[in-house]
Amino acid sequence: MYIDRMTNRNSSKNPILLEAMSIFLGIIAITALSHVVDDYLGLAGVSFLYLILVIWVSYKSQLVTSIFVAIGSFLLINFFYVEPRYTFVIGSIESWSALLGFLLVSIAITSLVHQLRRQKDIAEKETFKANLLRAIIEIFSVETDSTDALQKFCLLLKSELGCDVAILKLDPITKDSIELASSRPGELKLDSWYLSHAIEYGTMLGPHTGTLEAIDYWCVPFGRFYKSHDLPALVIERTHEENIEVSLIRAIADQLSVHYQKRIAEIKAKDAGELAHRESMQKTFLSSVSHDMRTPLTTIIGASSSLLQQGKQLGEAQSIKLLELIHSEAVYLNDSTENILSLVKLGMADGNQLRMDWQSPEEIVGAVMARYSSREIKPSLTLVINAKDELIYGDQALIVLALTNLIENAAKATVSSKPIQILVDRVEDEIRIGVIDEGTGFPKDFDKNLVGYQQSYQRNKKGFGLGLSIVRAVMDKHEGRLLFESEFGGEKRTYVGMAFPFRASA
1 MYIDRMTNRN SSKNPILLEA MSIFLGIIAI TALSHVVDDY LGLAGVSFLY LILVIWVSYK
61 SQLVTSIFVA IGSFLLINFF YVEPRYTFVI GSIESWSALL GFLLVSIAIT SLVHQLRRQK
121 DIAEKETFKA NLLRAIIEIF SVETDSTDAL QKFCLLLKSE LGCDVAILKL DPITKDSIEL
181 ASSRPGELKL DSWYLSHAIE YGTMLGPHTG TLEAIDYWCV PFGRFYKSHD LPALVIERTH
241 EENIEVSLIR AIADQLSVHY QKRIAEIKAK DAGELAHRES MQKTFLSSVS HDMRTPLTTI
301 IGASSSLLQQ GKQLGEAQSI KLLELIHSEA VYLNDSTENI LSLVKLGMAD GNQLRMDWQS
361 PEEIVGAVMA RYSSREIKPS LTLVINAKDE LIYGDQALIV LALTNLIENA AKATVSSKPI
421 QILVDRVEDE IRIGVIDEGT GFPKDFDKNL VGYQQSYQRN KKGFGLGLSI VRAVMDKHEG
481 RLLFESEFGG EKRTYVGMAF PFRASA
């Protein structure tokens, strides 16, 4: 939980008495230990022990406290271990040099430790933000009902931030607040005047926002960038406000707003007719994808910033881990961009642009295998062709593209070492080309009818699900259909296939 992490990070100052006692006991322990080792290690050994104390306090406490402990350690060393002892008189230039050196090193280390803590806090917050935004994307990718999606969003935010959350909108007639979803249904109330003010002016209200900071909630309208009385607002209870950044709340609200408006646009497009529906879906889908791509970009920026700012302080293993993360997200963005371009081209293509002809399934599979043969890293594939003499009437390049995407999705989902099977057969009046993998399968609430018409569900957590959208678009062009079967044959196996209508060749 975000609040737990932020609170634990600052737990050294709450309660103050516990912190003071731990520091006091630490000073006593170090002083006692220094009396024991003084005869053996001398002033240098004693200074080292007190330096360890200063570093420990720097890691646990605030900068001012750490500096006070450094100065206190300076005085204790002077009083107990510098001649003449048990006075604050410093009897020699060497003693002055040693004490001043200790003080300067202590303050420098204190400053560096606190700078490192700040950089670590920033990196953790950015990682948390990226993961939370990605979780919001996944909710709206899986849930087809907007009310269920908003309710799951409220529960997610409650678990992560520790604050009660609600989605409220204004009644267009009475101007009363209407609850669309809430982590505490029926109990989270916000004065309708505040809600009306936020929605009407597109202004965020609450602590540290510059507008109505004294109220007990943050209120962020979905129409922050353009005013609309039809859009609701995100309301978050004012709890632990010193640990929640306003920028995080804005980012959450903006992400939610994009997906909510996308869902509303889908509903309006469906009511407006098939043509308007498809055009609106394309725009909202591409808008959502462009917004979703910010998540890996945020990860890349956060990791690269850590390398730039903390490169010398990070160990080799941490640096390699960050570089691997940057490389992984960059490859992911490249693959996603290629899929987006393919999807756009499919949407723009009409029947006259397709190169329709009689195609052999065996040749189609062979073209796919040829693609993978030139790759250094490729999935393990096996072929089962039971319809060698049948022909498919279609565009070979598009069918190869669709089959490649099915294989890529299967490779990402596969958890066993068994190869992915490509199966070609004829079932009644259909010729089917599909893949079988032993991966994670599909969830019970997976709706195969919506695959490709929304931001599709993908079995691995990372990814846009654009692969299945491309396959769906190809099948629409060929008047075919997508097939899904999961956990069949007594084993946890998943089959995703393309069914082409059988036509007798001329």
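According to UniProt numbering, the residues represented by the sequence shown are 1 to 506, in order. All C-beta atoms in this analysis are idealised placements derived from N, C-alpha and C, irrespective of residue type, glycine included.
- When Cβ pairs closer than 8 Å are counted between the two stretches, the stretch 137-144 is seen not to touch the stretch 311-323, the count staying below three.
- About 7 Å separates the beta carbon of arginine 238 from that of glycine 206, a gap short enough to meet the 8 Å contact definition.
- Burial is judged here by how many other beta carbons sit within 10 angstroms of a residue's own beta carbon; proline 296 has at least 16 and is buried.
- DSSP, reduced to helix, strand and coil, places glutamate 187 outside both helices and strands of the structure shown, so it counts as coil.
- For leucine 132 and serine 73, the gap between their C-alpha atoms comes out near 43 Å.
- In the DSSP annotation of this structure, valine 435 is not part of any alpha helix (DSSP H); the continuous beta strand (DSSP E) holding it starts and ends at 430-437.
- Cβ neighbours of asparagine 386 within its own chain (closer than 8 Å, five residues either side excluded): Leu423, Val424, Asp425 and Arg426.
- Counted as a single uninterrupted DSSP element, the alpha helix (DSSP H) harbouring proline 361 occupies residues 361-373.
- If one requires a minimum length of 4 residues, the alpha helix (DSSP H) runs lying completely within the stretch 373-416 are 396-413, in chain order.
- Between the alpha carbons of serine 34 and serine 47 lies a gap of roughly 9 Å.
- In this structure, isoleucine 326 lies away from serine 306, with their beta-carbon atoms at least 8 Å apart.
- Leucine 234 and isoleucine 71 have their C-alpha atoms some 48 Å from each other.
- According to the DSSP assignment, arginine 134 belongs to the alpha helix (DSSP H) that extends over 93-142.
- By the CB criterion at 8 Å, alanine 181 and valine 220 fall outside the cutoff.
- Glutamate 329 carries a helical assignment under DSSP once its states are collapsed to helix, strand and coil.
- Bridge pairing for valine 64: absent [DSSP].
- Apart from the 5 residues on each side of it in sequence, alanine 411 sits with its Cβ closer than 6 Å to the Cβ of Pro379 in its chain, given in chain order.
- In this structure, the beta-carbon distance from threonine 110 to serine 66 falls below 8 Å.
- For glutamate 179, the closest C-alpha among the options Ala198, Asn405 and Pro232 is that of Pro232.
- Three or more Cβ pairs drawn from the stretch 42-62 and the stretch 73-88 lie within less than 8 Å of each other, which places the two stretches in contact.
- Per DSSP, lysine 169 is one residue of the beta strand (DSSP E) stretching across 165-170.
- The residue from Lys169, Val400 and Arg184 with its alpha-carbon nearest to that of arginine 371 is Val400.
- Measuring C-alpha to C-alpha distances from leucine 248 to each of Gly210, Val435, Trp218 and Ile470 identifies Trp218 as the nearest.
- For valine 54, the closest alpha carbon among the candidates Leu18, Lys477, Val113 and Leu156 is that of Val113.
- In the DSSP assignment, alanine 181 falls within the beta strand (DSSP E) that extends over 177-182.
- With contacts defined by Cβ atoms closer than 8 Å, isoleucine 167 and tyrosine 194 do not form a contacting pair.
- When DSSP states are grouped into helix, strand and coil, glutamine 421 belongs to the strand group.
- Shown here, proline 232 sits in coil according to DSSP, grouped into three states, outside any helix or strand.
- Burial of glutamate 266 is indicated by the presence of at least 16 other C-beta atoms within 10 angstroms of its C-beta.
- In summary, glycine 101 is exposed, with fewer than 16 beta-carbon neighbours lying within 10 Å of its beta-carbon over all protein chains present.
- The DSSP-derived three-state label of tyrosine 217 is strand.
- In the DSSP annotation of this structure, the continuous segment of the alpha helix (DSSP H) that includes glutamate 160 starts and ends at 146-161.
- Between isoleucine 236 and valine 165, the C-beta spacing is below 8 Å.
- Taking 8 Å as the cut-off, the beta carbon of methionine 356 is found no closer than this to the beta carbon of isoleucine 433.
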